[in-house]
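If you read the sequence shown in this note's numbering, its first letter stands for residue -4, the second for the next number, and so on.
Just so it is clear, CB atoms sit at the ideal spot from N, CA and C, and this is done for glycine as well.
Since the structure comes first, as structure tokens, the remarks are kept for the end.
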Amino acid sequence: MAENKETVTRTVTVALAVCLVCAVVVSSAAVLLRPVQNKNEKLNRQTNILSAAGLYEPGMSGDDVRARFSNIDRRFVRLDTGEYVDMPDSYDYISAKQNPEMSTDLPSKKDPAGIKRKPKVAQVYLARDDQGELDTIILPVHGYGLWSTLYGFLAVESDANTVAGLGFYEHGETPGLGGKVDSKAWKSQWPGKKLYDEDGDLAIQVIKGSVPDNAPDKEHKVDGLSGATLTTRGVNSLVRYWSSDNGYRPYLERVRDPDARTAAAN
Ligand SMILES: Cc1cc2nc3c(=O)[nH]c(=O)nc-3n(C[C@H](O)[C@H](O)[C@H](O)COP(=O)(O)O)c2cc1C
-4 MAENKETVTR
6 TVTVALAVCL
16 VCAVVVSSAA
26 VLLRPVQNKN
36 EKLNRQTNIL
46 SAAGLYEPGM
56 SGDDVRARFS
66 NIDRRFVRLD
76 TGEYVDMPDS
86 YDYISAKQNP
96 EMSTDLPSKK
106 DPAGIKRKPK
116 VAQVYLARDD
126 QGELDTIILP
136 VHGYGLWSTL
146 YGFLAVESDA
156 NTVAGLGFYE
166 HGETPGLGGK
176 VDSKAWKSQW
186 PGKKLYDEDG
196 DLAIQVIKGS
206 VPDNAPDKEH
216 KVDGLSGATL
226 TTRGVNSLVR
236 YWSSDNGYRP
246 YLERVRDPDA
256 RTAAAN
């Protein structure tokens, strides 16, 4: 009997000791690996941003990405006025949606992109050319497709109207259907399209089907994804929402204004 008790005590002690050692190993690994994870997350974000802006070339190493990113500034923009504001480095417009003081509720009528809450401030990325001039403005965008929220970047040339690229880094649309938002062929339609027409009205549109070659407004139109009308509708709504007065339009108008352009390049 006594022998049995000793065995149970010993078993429990050994089990606890093993748990303790494992806990120490796991927590130490988590703490020690955190800087590496942070570095990789940052590199991944930078790659996504370059990719959306058409500045990423396949085969670029981490160092190449970091070097290219050294010509890109991160700034913060008040969405209602389009002015630059100072925010902590850790600020992110998606996380801001959890904070009632940093975001506002969007009633469904004013929420075509299905984002539910509108952040007051968003981060933007300004890419410069070799002379240090503003070259591309990269804007984070998101909105609901069919199954998921699509998160990505819309890149615009320094005229604050011509699209340089659109790319999504996260979504849950079906591969081969809505997932074709990631295909090279579909993405290649975006560079050169204009967000606004000559009167300054919002004109960009992703249509159902293909844009006819002779369409008069073809510079504003992008082919929809075949067999994925609902994802297409979602992408159309999110691009239009973020290009509208509720999104980056006040900011893009400031960039177009020569004084604001100087400010944007500084
Ligand atoms: C398993 C499955 C996955 C689907 N995934 C998508 C999708 O990711 N995006 C989408 O728009 N439609 C998707 N659809 C199709 C939609 O249900 C709908 O039929 C389609 O959007 C209509 O587009 P169409 O008018 O171009 O055919 C999926 C359908 C099935 C059965």
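| said: What does the Cβ neighbour count give for Glu52, buried or exposed, with the cut at 16 atoms within 10 Å? | reply: Exposed is the call here.
| So the alpha helix (DSSP H) Asp130 belongs to, where does it begin and stop? | Per DSSP, Asp130 belongs to no alpha helix (DSSP H); it is in the beta strand (DSSP E), 129 to 139.
| said: On a Cα-Cα basis, can you pick out the residue from Met55, Ala25, Arg249 that is closest to Ser298? | reply: Nothing can be reported for residue 298: it is not among the residues displayed for the chain, which extend from -4 to 261.
| task | Compute the minimum distance between the beta carbon of Leu141 and the heavy atoms of ligand 1, and state whether it is under 6 Å. | result | Because some heavy atom of ligand 1 lies under 6 Å away, the Cβ of Leu141 counts as near it: yes.
| Can you list the alpha helix (DSSP H) stretches of 4 or more residues lying completely in the region 225 to 258, in chain order? | 244 to 251
| Do Gly140 and Glu168 come within 7 Å of each other at the CB atom, strictly closer than that value? | yes
| message | Buried or exposed for Leu247, going by 16 or more other Cβ atoms inside 10 Å? | response | buried
| Roughly how many angstroms separate the alpha carbons of Gly171 and Trp142, rounded to a whole number? | 14 Å
| Residue burial classification, Asn156 (beta-carbon count within 10 angstroms, cutoff 16) | buried
| said: Residues around ligand 1, please: the condition is that the C-beta lies closer than 5 Å to some non-hydrogen atom of it. | reply: Taken from the N-terminal end onward, the list reads Leu141, Glu168, Thr169, Leu172, Gly173, Gly222, Ala223, Thr224, Leu225, Thr226.
| Every unbroken beta strand (DSSP E) inside the region 97 to 121 [3 residues or more] | 98 to 100, 112 to 114
| Alpha carbon to alpha carbon, how far is Val136 from Trp181? | 18 Å
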